[in-house]
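Heads up, the thing below is written out as structure tokens.
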Amino acid sequence: MSKDLRKYLTPKIIARAVANNEPLVSTDKLGSLPYAMTPYRSIIPTFMHGKKITFTDKQTESNNRVRRAIFPNTIYRFVYSRLLDMNIYVRMTTTALYQMERRGGFDEYLLTIGKSKCDDDKALFYKRLVEEAFAKKGKEVQAKDADLVSGYGEEYVSTVKELQRKFTSLSGKGKGNYL
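My numbering applies: residue 666 is where the sequence shown begins, and numbers increase by one.
Below is the structure:
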């Protein structure tokens with residue numbers, strides 16, 4: 666095994682591969698897309714929410730400056746679109762996932778973000794699909810949500826709104842609006 670490969674393989678990964686009598690994993694497959702999905706890499710939409718690769722200088726002990734790249738934390742997930750009624754396999758940053766949870770789901774996230782936050786062609790395609798579906802089915806989905814809320818009663822809805830106000834006032838900057 667070469668020295669450059671050793672620094673990418675952790676002892677846990679090596680132990681698992683040896684225990685299962687498998688070949689050692691190559692570095693290009695660590696922490697990335699599942700192997701079965703690699704032929705479809707070009708059609709997976711990417712939601713970066715404005716995050717980009719940034720560069721900084723790292724100063725060594727001998728005062729040499731080395732250029733260093735800082736990559737955004739990206740993950741691959743299935744997200745469900747209620748308007749399109751389908752699961753979509755996406756690549757996204759953790760910031761985009763947080764914003765998706767905060768706004769109430771994938772459809773709401775796509776409807777509220779601007780084009781500056783969504784700069785991938787495939788992501789813009791899904792944004793356009795969700796906007797068209799919202800124009801057709803938006804009132805029906807809102808009516809279903811209203812029926813669902815009305816089934817709980819006014820006391821429950823007022824209690825949830827009161828807790829939401831308390832929670833957002835405690836969190837400071839208005840973050841954490843989950844209810």
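Cβ atoms here follow ideal geometry from the backbone N, Cα and C, with glycine treated the same way.
For residue 735 and residue 685, the gap between their C-alpha atoms comes out near 34 Å. The alpha-carbon of residue 805 is positioned some 31 Å away from that of residue 758. For residue 743, the beta-bridge partners assigned by DSSP are 754.
Taking a 10 Å sphere around the C-beta of residue 748, we find 16 or more other C-beta atoms and assign the residue as buried.
Residue environment analysis places residue 811 among the exposed positions, since fewer than 16 neighbouring C-beta atoms fall within 10 angstroms of its C-beta.
Residue 778 counts as buried, since no fewer than 16 other beta carbons sit within 10 angstroms of its beta carbon. For the pair residue 776 and residue 731, the Cα-to-Cα distance works out to about 41 Å. By the criterion of at least three beta-carbon pairs nearer than 8 Å, the stretch 703-717 is in contact with the stretch 752-767. At a cut-off of 4 residues, the continuous stretches assigned as alpha helix (DSSP H) that sit fully inside the stretch 752-811 are 759-768, 771-777.
Between residue 741 and residue 698, the C-beta spacing is below 8 Å. The DSSP-derived three-state label of residue 703 is helix. In the DSSP annotation of this structure, the continuous segment of the beta strand (DSSP E) that includes residue 720 starts and ends at 719-724. For residue 709, the three-state secondary structure derived from DSSP is coil. Looking at 830, 733, 719, the one whose alpha-carbon comes closest to that of residue 725 is 733.
In chain order, 732, 733, 734, 735 place their CB closer than 8 Å to the CB of residue 720, counting only its own chain and leaving out the 5 sequence neighbours on each side.
Close CB contacts of residue 723 within its chain, under the 6 Å cut and outside five residues either way in sequence, are with 731, 733 (chain order).
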